[in-house]
Every structure is written in structure tokens, then in C-alpha cells.
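Have a look at the structure below, then the notes.
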Amino acid sequence: MQHNPSRTLACRLRPQLRLPSRQPARGATLLLAAVLGLSACSEGGSIGRFSQALRDKLSTDKPAEVDLAQVGSVRWDSLYIFDAGTQQAANCALLRLGFFECQLSLPRVVKTGEAVLVFMREGQVAHAERHALAHGDFGPLMAGGAATRPQPVLRTTARFEVQVSPGSPTGTASAAVPGWRLQYKDKGR
Numbered sequence: 154m155q156h157n158p159s160r161t162l163a164c165r166l167r168p169q170l171r172l173p174s175r176q177p178a179r180g181a182t183l184l185l186a187a188v189l190g191l192s193a194c195s196e197g198g199s200i201g202r203f204s205q206a207l208r209d210k211l212s213t214d215k216p217a218e219v220d221l222a223q224v225g226s227v228r229w230d231s232l233y234i235f236d237a238g239t240q241q242a243a244n245c246a247l248l249r250l251g252f253f254e255c256q257l258s259l260p261r262v263v264k265t266g267e268a269v270l271v272f273m274r275e276g277q278v279a280h281a282e283r284h285a286l287a288h289g290d291f292g293p294l295m296a297g298g299a300a301t302r303p304q305p306v307l308r309t310t311a312r313f314e315v316q317v318s319p320g321s322p323t324g325t326a327s328a329a330v331p332g333w334r335l336q337y338k339d340k341g342r
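Anchor point for the sequence shown: position 114 equals 267 in the numbering used here, and the numbering is continuous, going up by one each time.
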């Protein structure tokens, strides 16, 4: 019989890795529940607090422009805005997120009528949320082959011109509840 060093090492480590007989099934069940829970967290939920704060600012103040750095209480230095239809894998690759952080932070696909806002601080996800386009429609990242806003939007240049429209392109706003189109404005301060 020929000596196999990897088999020998595996056999020596096996006793250290073995759990009591009932633990593996329970551990596997907990791991499965955690993974399913992570994907559920990134799929469902409601519109985020930043999105609601933006809606409140736009409906109350009725500004001609909005500086996203002055909205909400999230501490961030850059913001990624993922449009409807974008996929989790591509978005996570752009953000350089690992598997579990990706599952926790982003939905599998961004729903129609929404965007996903990912606030970064020092290269880490500080906050991520669903954003209703009726609370401020950033428009597509690309239009006519040209970028309409940077990706990411830096906190120092996060100024958008506000255009009130009686209905939004997503159909989520009505004459009674206006939609807001947000046009990227700053090219650097």
C-alpha cells in the first residue's frame, strides 16, 4: 500500500473536527437556515429610511436641488445607485463584496420601480437599502450611450437638480403624489 500524505493529514485532523453525533445535523440545519435567512433579508423588506427621508425632504422643502449628503443620518463617503433589473452578482463584483456580505446587502435582482442604494464608508458597506423611484428617480446610469451620473457618487459631489413631474416613468406616482426626477448636477466642487 502506497503512503498518501494528504490522506494521512486528513485522518489526523478528522478527530479534531468531529462534533458529537447529534451536532452535525443541527449545525447543518443552522447553516442552511442562516443562508436562507440571508437571502430572504436581501429579497424582501420595505423601502429604506434614506429613501423615506429623501421623499420627506422633497415633499416638504420643495427644493430646486438636493444635496444627498444632507439627507438622512447615514454616514458615508460614496454612494452606488443600482438601477432596476441589475443583478446581484454584477453589483457585488463592482462593490468587491464577498459571498456572505453580498447576500446580506443586495437583492438578487433590483425590482422595477426601485433602485438599490449602497452607501460606502472607507471601502466598506455602511448601509444598503431599497429606494422607491417615486421618492426620487435618479434615471438610468447610462442614457444614449453616455453616463448620466458617476458610479459611485461621491458625498462631496452628491448634488442633484430636482424636477417635479405629475407622474414618474415607473408609473408609481400620480397627479396627487408627484414624482421627482433627480438629475446629477455637480461635476466637482
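We treat Cβ as the ideally placed atom computed from N, Cα and C, and that holds for glycine.
Bear in mind that the values here come from a model prediction, so they are computed numbers and not experimental data.
query, result
"How close, in whole Å, do the beta carbons of residue 313 and residue 277 come, if the pair is a contact with beta carbons under 8 Å?", "Not quite, the Cβ-Cβ distance comes to about 25 Å (not below 8 Å), so this is no contact."
"Residues in the same chain with beta-carbon distance under 8 Å from residue 294, minus the five sequence neighbours each way, listed in chain order, please.", "234, 236, 300, 301, 302 and 304"
"For the alpha helix (DSSP H) that residue 212 lies in, which residues bound it at each end?", "202-214"
"Take the Cβ of residue 218 as the centre, count every other Cβ of all protein chains shown within 10 Å, and call the residue buried at 16 or more, exposed below.", "exposed"
"Please report how far the alpha carbon of residue 223 lies from the alpha carbon of residue 307, in whole angstroms.", "13 Å"
"From residue 269 to residue 281, what does the alpha carbon distance come to, in whole angstroms?", "7 Å"
"Tell whether a beta-carbon distance below 7 Å holds between residue 272 and residue 232.", "yes"
"Assuming residue 228 and residue 311 form a contact by the criterion Cβ under 8 Å, report the distance between their Cβ atoms to the nearest whole angstrom.", "The Cβ separation is near 13 Å, so there is no contact."
"With H, G and I counted as helix, E and B as strand and the rest as coil, what does DSSP make of residue 235?", "strand"
"Give the secondary structure of residue 243 by DSSP, where H, G and I count as helix, E and B as strand, and everything else as coil.", "helix"
"Along the chain, where does the beta strand (DSSP E) that runs through residue 291 open and close?", "Residue 291 -> no beta strand (DSSP E), and no H or E assigned at all."
"Note the first and the last residue of the continuous alpha helix (DSSP H) segment covering residue 258.", "252-258"
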